[in-house]
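Below: the structure, in structure tokens.
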Amino acid sequence: MKNWKITATGLLAVSILAAGLACPIPAGAAAVNQKLTVNTEYKEGAVVPASQTEAVRLAAREKALSQYYITSGRKLEKAVAMLEGLSPQKTGLDASKPYFYRMDKSLSGNYFQHVKAFTPDMETLAGEYFIAKDNSCVFRRFPENGNFEMLEGSTEKLLKKVEIYRASGIIPLKGNGKVLVRVPGNLPYDLTLTSLTENIATITEENGQLIINGNARGYADVLAEVEIGGYVKTEKLRFAVMDSQDIAAYEAQRVYVPVYVGWDWGWGWGWDRPHHHPGPPPRGPRPGGGPRPGGGHHGPRK
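To convert, note that position 120 of the sequence shown is 120 in the UniProt record's numbering; the numbers rise steadily by one, no gaps.
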């Protein structure tokens, strides 16, 4: 059997692997962002001295951002403390300079805290980071090219959150199928596919994507491996390679047979519908013989 491997868009560089991260909050962490607009509050229609307009402008911008981002509070302070605890060579942040930090209110992929650091005027991005909610890893994203670098931690827990699934459970005969991967934070990954039933389906690469080719009618088992930062998650996915008659019969049973009829399917197409099992197929051989969705095997047909 042959393995086919591709790397998703982006470059993943690993700096340090550790069991986990524990970064205490320094005494000054509570002042995150506060020093930028201290003693200044934006009020609609307020009249202020001209010397305070820049501070008021910053306060107005911060107030607007707070509707969509976390710009203060314990959660942001902990995230900033973790970043400040890392080497400036890794984060790209100058410890002697102030930054305005903001965090997305929603977790990215339900796993990462997405934090951005800006210059005090809030106009120039100084750094973009993804911090695992369990503190197991920290990534830096480089906006200029979309590359990622792991600054600290381990991807073992991250891989448990990765989803590997079929674009469709059915591959038309002489057609193509795909495996899709969902990674929290849209981090890059390496995908390797191996056909375990090469008489039914084979793997090829086309335009940078791995394609599953349906060569003969039947089941095709494909081993999918996703690698991020030195850890690999593996899933075995089952596809059904069908000809046009198989697909027509399958669709007819899905549409026209009541879903409350609890019969199993003879050839096993029911695996693609885990919650409802349509009724049995009509009795008697298919024209041309061969396996059919929901039926038995009535002689070979190529």
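All C-beta atoms in this analysis are idealised placements derived from N, C-alpha and C, irrespective of residue type, glycine included. Nothing here was measured: the structure is a model prediction, and the numbers come from that model.
Local Cβ density within 10 Å of residue i, reported as buried at 16 or more and exposed below that
| i | result |
| --- | --- |
| GLU251 | exposed |
| GLY73 | exposed |
| GLY146 | exposed |
| LEU125 | exposed |
| TYR68 | exposed |
| GLY153 | buried |
| GLY208 | exposed |
| SER106 | exposed |
| GLU227 | buried |
| TYR260 | Here the model assigns TYR260 a pLDDT of 45, short of 50, so the residue's position is not dependable and the matter cannot be decided. |
| GLU62 | buried |
| ILE116 | Note that residue 116 corresponds to Lys in the displayed sequence, not to Ile. With 16 or more other Cβ atoms within 10 Å, it is buried. |
| ARG182 | exposed |
| ALA64 | exposed |
| ALA201 | buried |
| SER51 | exposed |
| THR71 | buried |
| TRP269 | Because TRP269 sits at a pLDDT of 44, beneath the cut-off of 50, its placement in the model cannot be relied upon, and the following sentence gives the value as read from the coordinates. Counting Cβ neighbours within 10 Å, TRP269 comes out buried, since at least 16 surround it. |
Neighbourhood of residue i by C-beta, 6 Å cutoff - its chain only, sequence neighbours within 5 removed
| i | result |
| --- | --- |
| LYS161 | TYR111 and PRO184 |
| THR197 | ALA220 and ASP221 |
| GLU44 | none |
| GLY92 | GLY127 |
Residue span of the beta strand (DSSP E) that contains residue i, given as start and end
| i | result |
| --- | --- |
| GLN89 | That residue, GLN89, is in no beta strand (DSSP E); its alpha helix (DSSP H) goes 88 to 91. |
| GLU144 | First-last for GLU144: undefined, no H or E at that position. |
| ASP104 | 100 to 104 |
| ALA201 | 201 to 206 |
| GLU128 | 125 to 132 |
| LYS113 | It should be noted that the sequence gives Gln, not Lys, for residue 113. Unbroken beta strand (DSSP E) run through GLN113: 112 to 118. |
| VAL32 | Per DSSP, VAL32 belongs to no beta strand (DSSP E) and is neither H nor E. |
| PRO184 | Taken as a continuous stretch (DSSP letters only), PRO184 belongs to no beta strand (DSSP E), as it is neither H nor E. |
| LEU191 | 190 to 195 |
| PRO172 | 170 to 172 |
CB-CB length for residue i against residue j, believed under 8 Å
| i | j | result |
| --- | --- | --- |
| THR194 | LEU223 | 4 Å |
| ALA240 | ILE164 | Contact doesn't hold; Cβ gap of about 18 Å is too wide. |
| TYR231 | GLU156 | 5 Å |
| VAL80 | VAL138 | Contact doesn't hold; Cβ gap of about 12 Å is too wide. |
| LYS90 | LEU159 | Contact flag wrong, Cβ pair sits at about 22 Å. |
| MET103 | GLY229 | Between GLY229 and MET103 the Cβ distance is about 23 Å, and since that is not below 8 Å, they are no contact. |
| PRO143 | ALA8 | About 17 Å separates the two Cβ atoms, so there is no contact after all. |
Where the alpha helix (DSSP H) through residue i begins and ends
| i | result |
| --- | --- |
| VAL80 | 74 to 84 |
| LEU159 | 156 to 161 |
Same chain, Cβ closer than 8 Å to residue i, five either side skipped, listed in chain order
| i | result |
| --- | --- |
| PRO88 | ASP94 and ALA95 |
| VAL179 | ILE164, TYR165, ARG166, ALA167, LEU191, LEU193, LEU210, ILE212, VAL222, ALA224 and LEU237 |
| LYS133 | LEU107, TYR111, PHE112 and GLN113 |
| TRP4 | THR192, LEU193, THR194, ILE203, THR204, GLU205 and LEU210 |
Own chain, CB closer than 7 Å to residue i, minus 5 neighbours either side, in chain order
| i | result |
| --- | --- |
| LEU173 | GLY214, ARG217, VAL241, MET242 and ASP243 |
| SER108 | HIS114, PHE130, PRO184 and GLY185 |
| GLY175 | GLY214 |
Exercise for review: May I have a chain-ordered list of the alpha helix (DSSP H) segments no shorter than 4 residues that lie completely inside the segment 210 to 261?
Suggested key: 244 to 256
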